[in-house]
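Asks: One line per chain: the protein sequences are C and E, in this order.
Quick note on the working numbering: the first sequence kicks off at 685 and runs consecutively.
Quick note on the working numbering: the second sequence kicks off at 16 and runs consecutively.
Even glycine gets a Cβ: it sits at the ideal position worked out from N, Cα and C.
Since the structure is predicted, the reported quantities are computational estimates derived from the model, not experimental observations.
Submitted below is the structure of interest, expressed as structure tokens.
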Amino acid sequence: MIFIAGILRKRGDPMSTSSLRVLYQKELADHLRSKRFIIILILVAITGLSSIYAAASGIRSAVSEQGNTFVFLKLFTTGGSSLPSFVSFMSFLGPLVGLSLGFDAINGEINRGSLSRLLAQPIPRDTVVNGKFLAGLTIIALMVISLGVALGALGIIMLGVIPTLEEILRLSVFFLLTILYMSLWLALSQLSSLVFRQTATSALACIAIWLFFSVFVGLLAGIIADALYPVNSSSTIDLALKKSNAELMLNRVSPSTLYSECTVSLLNPGVRTLGLITQEQLIGTIPGVLPFSQSLLLIWPHLVSLIALNMICFAISYIYFMRQEIRA
Amino acid sequence: MNDQVVIKTQGLTKKYGDFTAVNNLDLEVYAGEIFGLLGPNGAGKTTTILMLLGLTEPSQGIARINGYDTSKETLAVKKIVGYLPDHVGFYEDMTGRENLRFVGRLNGLPAKEIEERIDHLLERVKLSDVGNKKVGTYSRGMRQRLGLADTLMKDPRVIILDEPTLGLDPEGIAEMLALITELAKKDQRTVLISSHLLHQVQKICDRVGIFVRGNLLACGPIHTLGEKVFKDQPLTLEIQVSPLDEELIKLIKSLNQEIKIEIQEGKIMLESKTEIRKSLVRTISDHNYDLLFLKQRGRDLDDIYRRYFAEKG
Chain C
685 MIFIAGILRK
695 RGDPMSTSSL
705 RVLYQKELAD
715 HLRSKRFIII
725 LILVAITGLS
735 SIYAAASGIR
745 SAVSEQGNTF
755 VFLKLFTTGG
765 SSLPSFVSFM
775 SFLGPLVGLS
785 LGFDAINGEI
795 NRGSLSRLLA
805 QPIPRDTVVN
815 GKFLAGLTII
825 ALMVISLGVA
835 LGALGIIMLG
845 VIPTLEEILR
855 LSVFFLLTIL
865 YMSLWLALSQ
875 LSSLVFRQTA
885 TSALACIAIW
895 LFFSVFVGLL
905 AGIIADALYP
915 VNSSSTIDLA
925 LKKSNAELML
935 NRVSPSTLYS
945 ECTVSLLNPG
955 VRTLGLITQE
965 QLIGTIPGVL
975 PFSQSLLLIW
985 PHLVSLIALN
995 MICFAISYIY
1005 FMRQEIRA
Chain E
16 MNDQVVIKTQ
26 GLTKKYGDFT
36 AVNNLDLEVY
46 AGEIFGLLGP
56 NGAGKTTTIL
66 MLLGLTEPSQ
76 GIARINGYDT
86 SKETLAVKKI
96 VGYLPDHVGF
106 YEDMTGRENL
116 RFVGRLNGLP
126 AKEIEERIDH
136 LLERVKLSDV
146 GNKKVGTYSR
156 GMRQRLGLAD
166 TLMKDPRVII
176 LDEPTLGLDP
186 EGIAEMLALI
196 TELAKKDQRT
206 VLISSHLLHQ
216 VQKICDRVGI
226 FVRGNLLACG
236 PIHTLGEKVF
246 KDQPLTLEIQ
256 VSPLDEELIK
266 LIKSLNQEIK
276 IEIQEGKIML
286 ESKTEIRKSL
296 VRTISDHNYD
306 LLFLKQRGRD
316 LDDIYRRYFA
326 EKG
């Protein structure tokens, strides 16, 4: 996003910024009118509402018993009896939102024959990718923010608890993080729409990447870490630690893991570390919660990686598109 | 028409790996003329057009439109060039008007002018009554005409049309060609048409270039092209005479011993080194035969075309 902002600022030419605006408005209107957007919106809204509802009904009893702090955050992290939490829903459905908005961005235009018509107009070529990405990003932001506000409101009504300032801060960062996470998948799907000529192939490739990162990376990381540091009953604690660390780092290749770790740290102030600690390291620690700034510090590398991944995906598709031959 | 060169390519070459799509093309198109780039499918016509629009980079050589280098000053080129791709596509769930408005806005035109131009252009391509319908409901001919209106939105000096008559019915083709002619003659625009449908396009072209396998084989006005190519060839006539009998063959033979005669499906093919048309017609009618059909072969574009295919194929 910073990258795009930089591009926008660098362009002094009023012509190109105005063509970007025209294209952006058109893409935005297209998304908002598309059935796909409505389906995704309904899907996300229903899962969000039901998970919050389930969590809220579970929490009410818990709150009265314990008088716990950060009740409002619990709303998002605890699941109901049969439903997963809002956070796990988001980490699973987030990619789907991003992917569905971008998988046919460029190849759809090519197949319709409108891309060569578009590029025959006096607009810089990058306007097309920029406009599409910005429009997708806006849609994601709109969706996440409105959902966040709606769920927060629902939470207040159901729990009867007013969120504290810190809770609001933590939730805001969480929703920003969700936007970032979804936009990564948007950038990825846009890249895939450039690489594959058929929209169906592109969609399939996106889904494959999504499944790989959300399901198979975990399995693979376990296998690889096992091969690197074979742990058995007579192994030292050192080796076991190395193995677990390796597995953790391999898992962090996946943006889904990065996102999950971020949300855990953000919405669960009790979490002090995302790595491994031994029992003896815990000796003498005073049980308590981390302040917001420290939680943020904990996930700072994750945030940077997510932003970097976003930029890499976007940059690759940007360069690829600039060099591509556009044939009708 | 004047002699100002609008489109000029020098040694324009495009290679895809080992395959040469366009080979060392030198082309000049003058202001206000209709130039036909004719050739079979896969000859490199579209590739040439893409290079002219900066949509693909030439491997070698340079193309200029109005003096602008098409691979470097793409924005300046696109401001003055209107392009109709061969499979023109619109945003299906937008109306014809909305599609045109979008293009007008991309060109940075003021809103008032856009609406005026849309009204004017829709009328010109006879789509005024369907302008507010979604493009998804348009027929192929309507889309093609909307495409033409679309290329005209920016009021271009140069119009490049890739296979503009493809997939149209005869009436649609006639309408399309009439519109194109009007664009060049009335509005003084330079038009470059690429097509593999010779008969349709040759009628309206001032000059044509025959393009086969990436090479420009001949270039010039159509009638001179025939003369150039076939000046050493014998005259070939195709005639149909009733009744067709042995006597008739003998009669024709008597005109000139060197005439080669071949009978194909009731038609007689004559090949002669000398001009025999006048005496032939007279002889036939003097002997009470009826001449039903006479056509000179090997001088029109189709024959040029076929010949180049034969040579190259």
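Return the CA-CA distance between R693/C and P179/E, expressed in angstroms with no decimal places.
Replies: Low confidence applies here, because R693/C scores a pLDDT of 48, under 50, leaving its location unreliable and the question unanswered by this model.
Asks: Rounded to whole angstroms, what's the CA-CA distance from I283/E to E48/E? Just pull it up for me.
Replies: Rounded to the nearest angstrom, the two C-alpha atoms are 39 angstroms apart.
Asks: Three or more C-beta pairs under 8 angstroms: does that hold for the stretch 930 to 949 of chain C against the stretch 834 to 853 of chain C?
Replies: With the cut-off at 8 angstroms, the stretch 930 to 949 of chain C and the stretch 834 to 853 of chain C do not touch.
Asks: For a contact meaning CB atoms closer than 8 angstroms, what does F117/E contact in chain C?
Replies: In chain order: V706 and K710.
Asks: In or out: P185/E buried (at least 16 other Cβ within 10 Å) or exposed?
Replies: When all chains shown are included, P185/E counts as exposed.
Asks: By the DSSP assignment, the alpha helix (DSSP H) with M1074/C in it spans what residues?
Replies: Outside the shown range of chain C, which is 685 to 1012, sits residue 1074/C, and nothing can be said about it.
Asks: Determine the direct distance from the alpha carbon of S718/C to that of G111/E, and round the result to whole angstroms.
Replies: Distance between the alpha carbons of G111/E and S718/C is about 18 angstroms.
Asks: Does the stretch 69 to 87 of chain E come into contact with the stretch 101 to 118 of chain E, if we say contact requires no fewer than three beta-carbon pairs (one atom in each stretch) closer than 8 angstroms?
Replies: In short, these stretches do not touch, since the Cβ pair count stays below three.
Asks: Any C-beta of chain E within less than 8 angstroms: which residues of the stretch 868 to 881 of chain C qualify?
Replies: For the stretch 868 to 881 of chain C, which is checked against every Cβ of chain E, not one residue is closer than 8 angstroms.
Asks: Compare the C-alpha of M774/C against each of L981/C, S898/C and L707/C and name the closest.
Replies: Out of L981/C, S898/C and L707/C, S898/C has the C-alpha closest to the C-alpha of M774/C.
Asks: Please confirm whether P808/C has its beta-carbon closer than 8 angstroms to some beta-carbon of chain E.
Replies: Judged by the 8 angstroms Cβ criterion, P808/C is in contact with chain E.
Asks: Does any C-beta atom of chain C lie closer than 8 angstroms to the C-beta of T104/E?
Replies: It should be noted that the sequence gives Gly, not Thr, for residue 104/E. Yes - at least one Cβ of chain C is within 8 angstroms of the one on G104/E.
Asks: What are the start and end residues of each continuous alpha helix (DSSP H) run of 4 or more residues lying completely inside the stretch 31 to 79 of chain E, in chain order?
Replies: Here the runs fully enclosed are 60 to 67.
Asks: Put T85/E into one of helix, strand or coil per three-state DSSP.
Replies: Correct three-state label for T85/E: coil.
Asks: For chain E, find out if any of its Cβ atoms is closer than 8 angstroms to the Cβ of G797/C; answer yes or no.
Replies: Closer than 8 angstroms: yes.
Asks: If you check the beta carbons only, do P171/E and V96/E fall under 8 angstroms apart?
Replies: Contact: yes.
Asks: Taking the runs of the alpha helix (DSSP H) that are 4 residues or longer, which of them lie wholly in the stretch 892 to 941 of chain C?
Replies: DSSP runs (the alpha helix (DSSP H)) wholly in the stretch 892 to 941 of chain C: 901 to 912 and 921 to 935.
Asks: State buried or exposed for K310/E, treating a residue as buried only when at least 16 other CB atoms are found within 10 Å of its CB.
Replies: Exposed, by the Cβ-count rule.
Asks: Find the nearest neighbour of G182/E within the set G156/E, L207/E and R321/E, judged by alpha-carbon distance.
Replies: It is G156/E whose Cα lies nearest to the Cα of G182/E.
Asks: Distance cutoff 8 angstroms, beta carbons only. Does I1010/C sit that close to anything in chain E?
Replies: Interface residue, yes.
Asks: In angstroms with no decimal places, state the Cα-to-Cα distance between A46/E and K93/E.
Replies: Distance between the alpha carbons of A46/E and K93/E is about 17 angstroms.
Asks: Sort out for me which residues DSSP pairs L192/E with in a bridge.
Replies: Beta-bridge pairing links L192/E to no other residue.
Asks: State yes or no: is the C-beta of L306/E within less than 8 angstroms of the C-beta of I254/E?
Replies: Closer than 8 angstroms, so yes.
Asks: Since I254/E sits in a beta bridge, which residues does DSSP pair it with?
Replies: DSSP, once it has assigned bridges, lists I283/E and L309/E as partnering I254/E.
Asks: Express the C-alpha separation of I891/C and A999/C in angstroms, rounding to a whole number.
Replies: When rounded, the distance between both Cα atoms is 21 angstroms.
Asks: Along the stretch 147 to 163 of chain E, where does the CB come closer than 9 angstroms to a CB of chain C? Name the residues.
Replies: Under the 9 angstroms Cβ criterion, the stretch 147 to 163 of chain E contributes G162.
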